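Data first, discussion second: the structure below is written as structure tokens.
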Amino acid sequence: MKWIFLLCLVVVFPSFAQDQAPNSSDTLKIYYLDEVLVVGARGGGETLRVPMAVGVITRPELASIRQVGLNEALRYIPGVLAQSKSGGQDVRLTIRGFGARGNGDRSNAATIRGIKVLVDGIPESDPDGRTALDFIDLSMTSRIEVIRTNVSNLFGNASGGIVNLETFGSVAEPMLVSRNLFGSYGLRKNALLFGTPFSSGDLAVSLSNSAFEGWRRNSSSTSIHLHTSIGLKPDAHTSLRFFAGGTDNTFHIPGPLTESEYSADAQQAHPLYLARRERRENQIARFALKVDRTLGDRSGVNAVAYYMPKVLARSERNTYRDFNRYHTGIGITYQWSDGEMAWNPRVLMGGDIAYQDGTILFYGLKNGERGDSLRTNKREGAGTFGTFVQGSFDLFEHGTLVAGARYDWQDYRSQLYPAGVTRTNTVERLTMTHVTPRVALMIRLSPSRTLYASLSGGVEAPAFNEIDPPPDVKAIELNPLLKPMTSTTYEIGFKGIEFLEGEEMGGSVSYSIALYAIRVKNEIVPFDGGSWFFSVGSSTRQGGECGVEIDLRNGLSFRSALTVLEAKYTSYQNELGDFQGHEVPGIPLVNAQARVRYRKSGFSVELSAEHVGRSFADDANMLDVPSSLVLNGAGSWWFRIGPLKTQFVLGVQNLTDEKYISSSFINPTRRIVDGMVLPAYIEAGLPRNVYLGLDVEMEL
Numbered sequence: 299m300k301w302i303f304l305l306c307l308v309v310v311f312p313s314f315a316q317d318q319a320p321n322s323s324d325t326l327k328i329y330y331l332d333e334v335l336v337v338g339a340r341g342g343g344e345t346l347r348v349p350m351a352v353g354v355i356t357r358p359e360l361a362s363i364r365q366v367g368l369n370e371a372l373r374y375i376p377g378v379l380a381q382s383k384s385g386g387q388d389v390r391l392t393i394r395g396f397g398a399r400g401n402g403d404r405s406n407a408a409t410i411r412g413i414k415v416l417v418d419g420i421p422e423s424d425p426d427g428r429t430a431l432d433f434i435d436l437s438m439t440s441r442i443e444v445i446r447t448n449v450s451n452l453f454g455n456a457s458g459g460i461v462n463l464e465t466f467g468s469v470a471e472p473m474l475v476s477r478n479l480f481g482s483y484g485l486r487k488n489a490l491l492f493g494t495p496f497s498s499g500d501l502a503v504s505l506s507n508s509a510f511e512g513w514r515r516n517s518s519s520t521s522i523h524l525h526t527s528i529g530l531k532p533d534a535h536t537s538l539r540f541f542a543g544g545t546d547n548t549f550h551i552p553g554p555l556t557e558s559e560y561s562a563d564a565q566q567a568h569p570l571y572l573a574r575r576e577r578r579e580n581q582i583a584r585f586a587l588k589v590d591r592t593l594g595d596r597s598g599v600n601a602v603a604y605y606m607p608k609v610l611a612r613s614e615r616n617t618y619r620d621f622n623r624y625h626t627g628i629g630i631t632y633q634w635s636d637g638e639m640a641w642n643p644r645v646l647m648g649g650d651i652a653y654q655d656g657t658i659l660f661y662g663l664k665n666g667e668r669g670d671s672l673r674t675n676k677r678e679g680a681g682t683f684g685t686f687v688q689g690s691f692d693l694f695e696h697g698t699l700v701a702g703a704r705y706d707w708q709d710y711r712s713q714l715y716p717a718g719v720t721r722t723n724t725v726e727r728l729t730m731t732h733v734t735p736r737v738a739l740m741i742r743l744s745p746s747r748t749l750y751a752s753l754s755g756g757v758e759a760p761a762f763n764e765i766d767p768p769p770d771v772k773a774i775e776l777n778p779l780l781k782p783m784t785s786t787t788y789e790i791g792f793k794g795i796e797f798l799e800g801e802e803m804g805g806s807v808s809y810s811i812a813l814y815a816i817r818v819k820n821e822i823v824p825f826d827g828g829s830w831f832f833s834v835g836s837s838t839r840q841g842g843e844c845g846v847e848i849d850l851r852n853g854l855s856f857r858s859a860l861t862v863l864e865a866k867y868t869s870y871q872n873e874l875g876d877f878q879g880h881e882v883p884g885i886p887l888v889n890a891q892a893r894v895r896y897r898k899s900g901f902s903v904e905l906s907a908e909h910v911g912r913s914f915a916d917d918a919n920m921l922d923v924p925s926s927l928v929l930n931g932a933g934s935w936w937f938r939i940g941p942l943k944t945q946f947v948l949g950v951q952n953l954t955d956e957k958y959i960s961s962s963f964i965n966p967t968r969r970i971v972d973g974m975v976l977p978a979y980i981e982a983g984l985p986r987n988v989y990l991g992l993d994v995e996m997e998l
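Pasting the structure below:
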């Protein structure tokens with residue numbers, strides 16, 4: 299791992315030759331460039347003033363991409379591997395290896411594991427740890443924040459970190475924005491945003507409509523999103539923000555291919571997925587309230603409450619399923635600080651509770667639609683409760699110690715209502731508890747450089763569809779042998795912003811370097827494509843990350859992200875075999891992205907490269923997923939006509955028309971093809987495709 303640190307040091311070293319106290323203008327630049335996290339009071343603070351690895355993507359970065367899947371938006375965040383599964387909204391997302399298992403027949407449809415996703419600071423993740431990406435709309439996203447450090451001590455079930463998407467901030471001036479995108483394979487996306495301030499607050503409303511015919515068979519999708527936000531400030535100490543919105547979306551799932559199918563025709567769908575017309579249909583609403591109130595000069599409280607009704611339909615695994623669910627929760631954080639005291643103490647404490655419940659009706663499948671016979675009527679409920687406390691104080695003039703812990707309680711409930719009879723089975727319950735600590739030391743080497751070290755615990759409870767018992771266990775509904783996955787992360791990081799002098803080569807360099815070792819116990823492993831899951835002994839992950847962004851006054855900019863991560867099982871023996879020393883599947887050793895961009899007089903042109911290293915798709919390390927290199931290009935033209943600000947974007951993904959595997963199923967199901975039993979695990983990446991964007995903003 300030493301060479302990772304040395305490589306990043308070579309990039310940022312020239313700026314250290316100017317190691318001097320910044321003048322007043324430099325100080326202004328620091329505060330301008332030093333982004334502020336807004337994931338609530340728990341993770342709040344300037345990125346250089348928190349002892350964790352963080353990344354921020356702003357709206358200008360999103361304007362030049364295709365804006366369909368999160369994989370495009372998170373491309374230049376080190377430590378993050380985001381892969382499109384079929385070119386649409388369905389994305390496989392991992393952070394430092396967490397979430398790698400979330401890809402199989404039971405978890406392939408736009409759900410991720412082990413990473414907590416928030417929208418406007420409101421949990422999008424279900425209480426059991428699953429996260430569906432149905433409510434996410436990049437065309438209406440103004441900012442994305444990513445915390446890569448293990449923060450389970452603050453957020454609970456989030457071993458891999460946090461992804462927070464902000465749709466609306468405070469609206470300072472009236473605006474009307476139209477965003478339009480057209481592309482290959484029937485891609486179309488239209489969005490309209492209106493915002494205006496008023497005497498005691500602001501209002502924002504957005505509506506978007508998108509469609510994608512898809513490249514692979516059975517991969518089309520449609521979606522409609524409506525988001526509204528009303529901000530109020532009833533007094534000088536209180537701010538309120540109401541959110542109301544909903545989405546109606548459908549997307550089809552082409553499924554994985556065998557090696558022979560991929561070689562013969564990567565565009566085809568899995569035969570069973572095609573015959574069943576496997577898909578997800580989602581109708582989801584969200585109502586939420588956020589409250590921030592200062593309690594004098596030294597303390598404040600932040601609270602959030604939300605309610606999300608869901609009506610879902612699935613054609614999957616040879617059944618048609620109707621879901622009626624509700625997801626509700628509240629969270630509160632109290633913070634106190636005293637900057638007048640020499641040791642600058644700060645205390646955070648709070649808690650949250652969330653619950654999701656509802657019924658699932660299982661029907662037979664007839665030509666991909668719901669059949670006449672009701673097979674199973676089932677209730678599934680999952681709840682979580684957590685409380686935390688964290689304190690920090692200055693050990694010395696430029697050093698801060700942070701320590702805290704969180705207690706989590708996880709509850710699963712299952713109840714069957716046999717078809718055709720009036721009796722019901724008793725409620726079966728499974729509970730899990732865990733205490734997660736964290737301690738960190740942050741040293742401010744200068745106003746623009748920070749060194750930190752942390753020791754943090756992590757917890758990841760299994761998702762509800764992972765706690766089904768093995769097939770040979772018939773008497774119970776919930777698997778008592780499955781345990782929460784726990785982890786311990788040892789991390790050291792260095793981040794900062796440097797300023798370059800000169801008319802042409804002057805500008806800024808921002809960088810983030812992190813080295814870490816993670817010890818995982820009770821790794822949750824899928825078997826037979828996720829037909830059931832079990833816990834194995836332990837694994838280790840040793841890695842390093844480096845992110846660099848260079849912006850020069852002459853219009854040239856460079857952005858890159860490098861991740862090297864070695865993940866291996868250290869204890870894994872059962873009736874399936876001895877896999878000790880094998881690589882954990884779905885985690886490539888190397889993951890790197892780079893982009894060069896040039897801006898001049900409203901024009902912009904860029905070239906980017908994405909490299910994903912070799913990995914395996916199974917615990918036996920027999921199914922090879924080869925490395926890939928994909929090149930992309932884009933150009934834009936920004937101009938103003940009276941009150942209209944207009945931007946044209948033209949982009950080409952996969953410039954060289956590379957044939958590559960974009961994602962893979964983990965420990966896949968095997969099926970008979972031409973008399974042979976073969977694993978189906980390959981999801982093909984999009985070939986060369988073009989997109990054209992037109993954004994128009996009117997100043998009202």
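If you read the sequence shown in the numbering used here, its first letter stands for residue 299, the second for the next number, and so on. From the three backbone atoms N, C-alpha and C, an ideal C-beta is built for every residue, glycine too. Quick caveat, the model's predicted, so the values are computed rather than measured.
Check: Which of the three DSSP states is assigned to Ala-564 in this structure?; Outcome: coil
Check: From Val-994 to Val-988, what does the alpha carbon distance come to, in whole angstroms?; Outcome: 20 angstroms
Check: Give me, in chain order, the residues of the same chain whose beta-carbon lies closer than 7 angstroms to that of Pro-941; leave out the 5 immediate sequence neighbours on both sides.; Outcome: Met-996, Glu-997
Check: Under three-state DSSP, which class holds Thr-345?; Outcome: helix
Check: Ordered along the chain, which non-local residues of its own chain (more than five positions away) have a Cβ less than 6 angstroms from that of Gln-581?; Outcome: Asp-546, Val-609
Check: Under three-state DSSP, which class holds Pro-425?; Outcome: coil
Check: What would DSSP say about Leu-452, mapped onto helix, strand or coil?; Outcome: helix
Check: Do Gly-842 and Val-862 have their C-beta atoms within less than 9 angstroms of each other?; Outcome: yes
Check: If you measure between the beta carbons of Asp-432 and Arg-578, is that distance less than 9 angstroms?; Outcome: yes
Check: Would DSSP call Tyr-958 helix, strand or coil?; Outcome: coil
Check: Measure the beta-carbon distance from Glu-908 to Val-923 and round it to whole angstroms, keeping in mind my assumption that it falls under 8 angstroms.; Outcome: Contact flag wrong, Cβ pair sits at about 15 angstroms.
Check: Out of curiosity, what's the CA-to-CA distance linking Gly-684 and Thr-392?; Outcome: 24 angstroms
Check: Considering Arg-373, what are the terminal residues of the beta strand (DSSP E) in which it resides?; Outcome: Looking at the DSSP string, Arg-373 is not in any beta strand (DSSP E), and its letter there is neither H nor E.
Check: Does the stretch 493-500 come into contact with the stretch 468-482, if we say contact requires no fewer than three beta-carbon pairs (one atom in each stretch) closer than 8 angstroms?; Outcome: yes
Check: Spatial neighbours of Phe-937 within its chain, please: CB distance less than 7 angstroms, with the 5 preceding and 5 following residues excluded, ordered by chain position.; Outcome: Gly-900, Thr-944
Check: Leu-779 bridges to which residues according to DSSP?; Outcome: In the DSSP output, where bridge partners are listed per residue, Leu-779 has none listed.
Check: Which residues in the same chain have their Cβ closer than 7 angstroms to the Cβ of Tyr-329, if we skip the five residues on either side of it in sequence?; Outcome: Per-residue confidence for Tyr-329 stands at a pLDDT of 30, beneath the threshold of 50, marking its modelled position as unreliable; the derived number appears in the next sentence. Excluding sequence neighbours, Tyr-329 sits near nothing in its chain.
Check: Per the DSSP calculation, Asn-642 is bridged to which residue(s)?; Outcome: DSSP output for Asn-642 lists no bridge partner at all.
Check: Between Ser-833 and the ligand MG, is the CB less than 8 angstroms from at least one heavy atom?; Outcome: Absent from the structure shown: the ligand MG. Ligands present: none.
Check: For Gly-283 and Thr-967, what's the separation of their Cα atoms in angstroms?; Outcome: Outside the shown range of the chain (299 to 998) lies residue 283, about which nothing can therefore be said.
Check: Whole angstroms is fine: what's the gap from Arg-428's alpha carbon to Arg-373's?; Outcome: 22 angstroms
Check: I think Leu-739 touches Gly-697, with their Cβ atoms under 8 angstroms apart; what is that distance to the nearest whole Å?; Outcome: 7 angstroms
Check: With a Cβ-Cβ cutoff of 9 angstroms, do Cys-844 and Ala-859 count as a contact?; Outcome: yes
Check: Under the assumption that Ile-420 contacts Ala-586 (Cβ atoms under 8 angstroms), give the Cβ distance between them as a whole number of angstroms.; Outcome: 5 angstroms
Check: How would you call Arg-704, buried or exposed, if buried means at least 16 neighbouring beta carbons within 10 angstroms?; Outcome: buried
Check: Please classify Ala-319 as buried or exposed, where buried requires at least 16 other C-beta atoms within 10 Å of its C-beta.; Outcome: Caution is warranted here: a pLDDT of 36 is assigned to Ala-319, below 50, making its placement in the model unreliable, and no coordinate value can be reported.
Check: DSSP state of Pro-977, grouped into three classes?; Outcome: strand
Check: Run through the stretch 530-565 for me and flag every whole beta strand (DSSP E) of 3 or more residues, listed as ranges in chain order.; Outcome: 536-550
Check: Which ranges would you report for the alpha helix (DSSP H) in the stretch 440-513 if only whole runs of at least 4 residues count?; Outcome: 450-453
Check: Can you tell me which residues form a DSSP beta bridge with Val-599?; Outcome: Arg-591, Tyr-632
Check: Touching or not, the stretch 809-823 and the stretch 788-796, by the rule of three or more beta carbon pairs under 8 angstroms?; Outcome: yes
Check: Are Ser-855 and Val-894 close, meaning C-beta to C-beta below 9 angstroms?; Outcome: yes
Check: Cβ atoms of Tyr-750 and Thr-729: under 9 angstroms apart, would you say?; Outcome: no
Check: Please go through the same chain and pick out, in chain order, the residues whose beta-carbon is closer than 7 angstroms to the beta-carbon of Leu-992, but skip the five residues on each side of it.; Outcome: Asn-478, Phe-946
Check: Assign Asn-919 to one of three DSSP states: helix, strand, or coil.; Outcome: coil
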